[in-house]
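Structure first, commentary second.
2 protein chains.
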Amino acid sequence: MMRLADLGEFGIIERISRLLPATPKDVVVGIGDDVAVLDTSGPNYLLATCDIQVENVHFLRHGISPQQLGRKVVAINVSDIAAMGGRPRWALVSLGLPSDLSVTFIDELYHGLNAQAQVSGLSIVGGNLSQIKGPLVIDLFLLGECDKECFLRRDGARTGDAVLVTGDLGDSRAGMELLMHPELQVPEEVRTQVLAAHLTPHPQLAEGQLLAASRRVHAMLDVSDGILSDLGHICESSGVGASLDLAKIPISSACRQVAEAAAASPEEWALTGGEDYQLLFTADPTEVEAIQALVSQQTGAAVTVVGRIVAAPGMITVIEPDGTMKTPSGASGWDHFKQRKQP
Amino acid sequence: MMRLADLGEFGIIERISRLLPATPKDVVVGIGDDVAVLDTSGPNYLLATCDIQVENVHFLRHGISPQQLGRKVVAINVSDIAAMGGRPRWALVSLGLPSDLSVTFIDELYHGLNAQAQVSGLSIVGGNLSQIKGPLVIDLFLLGECDKECFLRRDGARTGDAVLVTGDLGDSRAGMELLMHPELQVPEEVRTQVLAAHLTPHPQLAEGQLLAASRRVHAMLDVSDGILSDLGHICESSGVGASLDLAKIPISSACRQVAEAAAASPEEWALTGGEDYQLLFTADPTEVEAIQALVSQQTGAAVTVVGRIVAAPGMITVIEPDGTMKTPSGASGWDHFKQRKQP
């Protein structure tokens, strides 16, 4: 009997997409992407995405406050809409509630959901509840919209493109480290910064909309699984490869300090840690300066070139600071990471 | 500390809806209804609904095949769209997968999801997976659409209206009884009929669309929690009461035979059993014959008058066959039912 763990998350998704019938014409982007793009015959395309968060898999109930959890659940879905350059509009919330949960927990959770919804310009319009004899489950379903002419998908990367990323990578992984090992000695402002990155991530909504509207970007995705894995998705869908320059990966001093205290590699956290919710995208190298200026002027966010798209389908090469080259096994990332994500 | 069980499902929903900010203009029907109605500026309204199904709460893994489970999950969401008179279009599927599940289970589940999706005219366009250390969770998000002029909601019932229902009530509850007590002695065709009603319910999609388009119906809902509870929702939202004539409730001979074998009351199963996924609606008494003729000619479904809307807000009276009157406590149904549904 083949087990789910033998396939892994992306293997299951691929298997499922082969089980589904052909995509009808009103589905512009269907299964396999983070966001479905649908044609309602309205002036805009409709975007639909969901993300199921399970206690003890995605979060520990004592490691995050219910308000933070509510904010995070909205933020990670908004991040997917941001990576298409879309506008979030409406959300439905499904809850599987263990009976030991207090009413106050629900109140606080909704305060968090509302707070992030308001910031992101969306309304919570419904949902469903059930008792669960098991872990707390929160599944958010987010609808958004985008202009028909300028939304971004993952399959447009071209050989020769520069690979770019907004902000810093690895902070969220550093925050998780401090949750698991609160005894690690780091300055208070470092602790605050990386915990915030992990517990209340900030989706790059304005940046995504700006990049899509600029028409200068070829492919975009948010960094939810780690840049190595997410760049792998772009490469797979686009039929290209990539080389990543490890020395250029933007890593904050806070992340470096936590990694040092934990005797871990900040570069590995940045490559595979995940949950950074920054934007990863490709563009013609001649457009890089214009893009950096545009984003920095409009939003203040930094945009860094971290690599290049190459004509080696499915192959990602990491160039170490000393010039040596490493090839993680397959485009889907380091093996140990794949292990960690397997359902 | 107030516990979730003190509030009950509908109490939690009410509390949540008070926590949410005011509904923006593009939300035609928001939280509290089974389906959100949204204005995308397109030619139709967008409908959005979800339903989370949790192992050991909504189903037992050995009591239903993965294919039946897939069909049922789609069917119960389609039923909500049907009750608005809408057309299902697109679905996303979120799964919480225990690691002991086989790949074959997922394949079969998707065969079921696809089969019902195809029959109901919708496509599965995405979703999300997670591992879960606990029960299997399937959460389906369904998008549909409806004409702006003729969709039905629960709050339009008027004093003097007839209360009508499609098909028979109680079959699904009878099917559940046979799952719990397979030793009960009933004819094979009875067993087949009530098990099918429970395991592979048939949403009244054509009937709902026909009723909405007829413009003869004032309020509609599907019978998912039992007619007593669902009629309670219509009454609460419409600010009216109702009297139900127990002798007129349509109960199949199969349901009666199972109830007899189980020494239970088929009327109680019909009132409170739930999961029948028939349509419950109100209309002016002068329209009843036209409605019955219309539905019967176009779909073959029977439509039965089971009661009347009265000017006693929140009050539901059940008239027993011998003429005595019973008042279940509050519009939300019998107490023992409320107990059964509490998260």
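Just so you know, the protein sequences line up as chains B and S, in that order.
What the first sequence shows, in numbering that gives the first Met the number 0, is residues 0 to 342, in sequence order.
What the second sequence shows, in numbering that gives the first Met the number 0, is residues 0 to 342, in sequence order.
All C-beta atoms, glycine included, are put in the ideal place defined by N, C-alpha and C.
In this model, His57 of chain S and Leu96 of chain S are separated by some 16 Å (Cα to Cα).
A direct Cα-Cα distance of roughly 25 Å separates Thr323 of chain B from Val222 of chain B. Taking Val136 of chain B as reference, the option from B:Asp321, B:Ala21 and B:Leu108 with the minimal CA-CA separation is B:Leu108.
Short of 6 Å from the beta carbon of Thr39 of chain B, and not among the five residues preceding or following it, lie these beta carbons of its own chain, in chain order: Leu45. Secondary structure of Ile63 of chain S (DSSP, three-state): coil. Judged by DSSP in its simplified three-state form, Asn127 of chain B adopts strand. In the structure shown, Val305 of chain S falls within a strand segment according to DSSP collapsed to helix, strand and coil. Take Met175 of chain B, set aside five residues on each side of it, and the residues of its chain with a beta-carbon closer than 8 Å to its own are His197, Gly272 and Glu274, in chain order.
Short of 7 Å from the beta carbon of Ile12 of chain B, and not among the five residues preceding or following it, lie these beta carbons of its own chain, in chain order: Gly31. Closest option to Leu128 of chain B, judged by alpha-carbon separation, among B:Ser93, B:Phe150 and B:Thr158: B:Ser93. DSSP, reduced to helix, strand and coil, places Tyr109 of chain S within a helical segment of the structure shown.
Among the residues facing chain S, His180 of chain B is not included, as its CB has no counterpart in that chain under 8 Å away. Ile318 of chain B and Leu37 of chain B have their C-alpha atoms some 39 Å from each other. Between Ile315 of chain S and Leu243 of chain S, the gap from beta carbon to beta carbon is short of 8 Å. Distance from the CA of Cys49 of chain B to the CA of Leu194 of chain S, rounded to the nearest whole angstrom, comes to 32 Å. With fewer than three CB-CB distances shorter than 8 Å, the segment 174–192 of chain B does not count as touching the segment 289–301 of chain B. Under the three-pair Cβ rule at 8 Å, the segment 179–188 of chain S does not count as touching the segment 299–307 of chain S. Judged by beta-carbon spacing, Ala116 of chain B lies within the 8 Å limit of Ala90 of chain B, meaning their Cβ atoms are closer than that value. Along the segment 130–161 of chain S, going in chain order, the ones with a CB nearer than 8 Å to a CB of chain B are Gln130, Ile131, Lys132, Gly133, Pro134, Val136, Asp138, Phe140, Leu142 and Glu144. Restricted to the segment 200–258 of chain S, the beta strand (DSSP E) segments that are unbroken, complete and at least 3 residues in length are 218–221 and 240–244, listed in chain order.
Beta-bridge partners assigned by DSSP to Asp5 of chain S: none are found. Secondary structure note for Val287 of chain S: its alpha helix (DSSP H) is the uninterrupted segment Val287 to Thr298.
In the structure shown, Val193 of chain B falls within a helical segment according to DSSP collapsed to helix, strand and coil. For Ile51 of chain B, a Cβ of chain S is located within less than 8 Å of the residue's own Cβ. Proximity of chain B to Met1 of chain S at the Cβ level (cut-off 9 Å) is accounted for by Ser101, Val102 and Thr103, in chain order.
Under a criterion of Cβ atoms nearer than 7 Å, no residue of chain B is adjacent to Ile233 of chain S; the nearest Cβ is some 18 Å distant. Taking the Cα positions, Thr158 of chain B is about 14 Å away from Leu230 of chain B. Within its own chain, the residues whose Cβ lies closer than 8 Å to the Cβ of Gln67 of chain S, once the five positions on either side in sequence are excluded, are Gly111, Leu198 and Thr199, listed in chain order. What Leu18 of chain B touches in chain S, judged by beta-carbon distance under 8 Å, is Asp106, Tyr109, His110 and Asn113, going in chain order. With respect to chain B, the C-beta atom of Val56 of chain S has a partner C-beta closer than 8 Å.
Between Leu204 of chain B and chain S, the shortest Cβ-Cβ separation is not below 8 Å.
Residue environment analysis places Ala246 of chain B among the exposed positions, since fewer than 16 neighbouring C-beta atoms fall within 10 angstroms of its C-beta. Shown here for Leu139 of chain B: same chain residues with a beta carbon closer than 7 Å to its own, the five before and five after excluded, namely Cys49, Asp50, Val72, Val73, Asn76, Ala90 and Val92 in chain order. In this structure, Gln277 of chain S and Val164 of chain S form a Cβ contact; the two beta carbons are roughly 6 Å apart against a cut-off of 8 Å. Under DSSP, Arg86 of chain B forms a beta bridge with B:Glu144.
Not a single CB atom of chain S sits nearer than 8 Å to the CB of Gly272 of chain B.
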